[in-house]
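Below is one structure, written out as structure tokens, with a few remarks after it.
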Amino acid sequence: MSLVNDDGLGSSLCPPQPPSLGSTSDEPAPPEWPLLFNESRATPLGEDFLGSVFKCLDTNSIGLLAPEQYSAFLATVSCDLDCNIWKRSLNETFEDNQFQSADSELRNFYTKFGIAHILYERASDPQTGMHYLVPPSPIAATSVPLLPPLTEANTPMLTLQGFIDVMTMDVLRDPLEGWKLICRMARYYGVCL
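Residues 940 to 1132 in the working numbering are what the sequence shown spells out, letter by letter.
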């Protein structure tokens, strides 16, 4: 699958394939590549770049991205619906629990690939129907059997390290396409390389 931006550049921001993080492309990486990524991970400069993009996405300044925020980012960088796990699941589920289903699929993806995330509770205001996310209750997190959690914490909130890891996995799968993605992120979010 590929991504197409209005500038004609493509990318492959689809779920990464384990276990190798090396390139599957026959094209060489751009000369700037060693400054941002090595064979298996982001360099400190690459982590700084991705961290700057993360800060642009973290509009609540809590150090976490909700599924809605990460999904919007994927749409912004022109990811097609097949690659946007949360949004695709949300669109395929026509039940009252569509958020729980979408959250569950994204949580399973993060868990499968070891992407760092924290589970929050998704709650709904019965009067307005608005959804909001709350951290799991510290009391509910204890092992006191008399205080069960009111709701299950199952909404995966992507951490900074998780964002760096998932973006690195995708970029390293195909460095040429990954470089185009990096350039689009730099332009869109105004982050200098």
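By construction, the Cβ of each residue, glycine as well, lies at the ideal position given by its N, Cα and C atoms.
Residue i (DSSP reduced to helix, strand or coil)
i, result
"residue 1000", "coil"
"residue 1095", "strand"
"residue 1102", "helix"
"residue 1011", "helix"
"residue 1054", "coil"
"residue 1073", "strand"
"residue 981", "strand"
"residue 880", "Outside the shown range of the chain, which is 940 to 1132, sits residue 880, and nothing can be said about it."
"residue 1017", "coil"
"residue 1125", "helix"
"residue 1062", "strand"
"residue 1132", "coil"
"residue 1079", "Reliability fails at residue 1079, whose pLDDT of 41 lies under 50, so the model's placement of it is uncertain and no value is given."
Cα-Cα separation between residue i and residue j, rounded to whole angstroms
i, j, result
"residue 1128", "residue 995", "7 angstroms"
"residue 959", "residue 1066", "Any reading at residue 959 needs caution, since the residue's pLDDT is 33, under 50, leaving its predicted position unreliable; the model's value is listed next. If you take the alpha carbons of residue 959 and residue 1066, they lie about 49 angstroms apart."
"residue 952", "residue 974", "Note that residue 952 has pLDDT 38, beneath the 50 cutoff, so the model's placement of it is unreliable and the number below is only indicative. Straight-line Cα distance between these residues: approximately 21 angstroms."
"residue 1078", "residue 1009", "Confidence at residue 1078 is low in this model, with a pLDDT of 43, below 50, so its placement is unreliable and the value that follows should be read with caution. Their backbone Cα atoms lie some 29 angstroms apart in a straight line."
"residue 1042", "residue 1094", "5 angstroms"
"residue 1081", "residue 1098", "Residue placement at residue 1081 is flagged as unreliable, the pLDDT there being 40, under the threshold of 50; the coordinate-derived value follows with that caveat. For residue 1081 and residue 1098, the distance between alpha carbons rounds to 23 angstroms."
"residue 1106", "residue 977", "14 angstroms"
"residue 1017", "residue 1048", "20 angstroms"
"residue 982", "residue 1013", "23 angstroms"
"residue 1046", "residue 1037", "14 angstroms"
Residue-level contact to chain D via CB, residue i, 7 angstroms cutoff
i, result
"residue 972", "No chain D is part of this structure, which consists of one protein chain only."
Nearest neighbour of residue i, chosen from the options [CA to CA]
i, options, result
"residue 1044", "1062, 1022, 1065", "1022"
"residue 1092", "988, 1062, 1069, 992", "1062"
"residue 1006", "1024, 1017, 989, 992", "1024"
"residue 1051", "1101, 998, 1131, 982", "1101"
"residue 980", "1016, 1114, 1072, 1098", "1114"
"residue 1130", "978, 1105, 984, 1110", "984"
| task | Check whether the segment 1112 to 1125 touches the segment 1025 to 1036, taking contact to mean three or more Cβ pairs, one atom from each stretch, closer than 8 angstroms. | result | no
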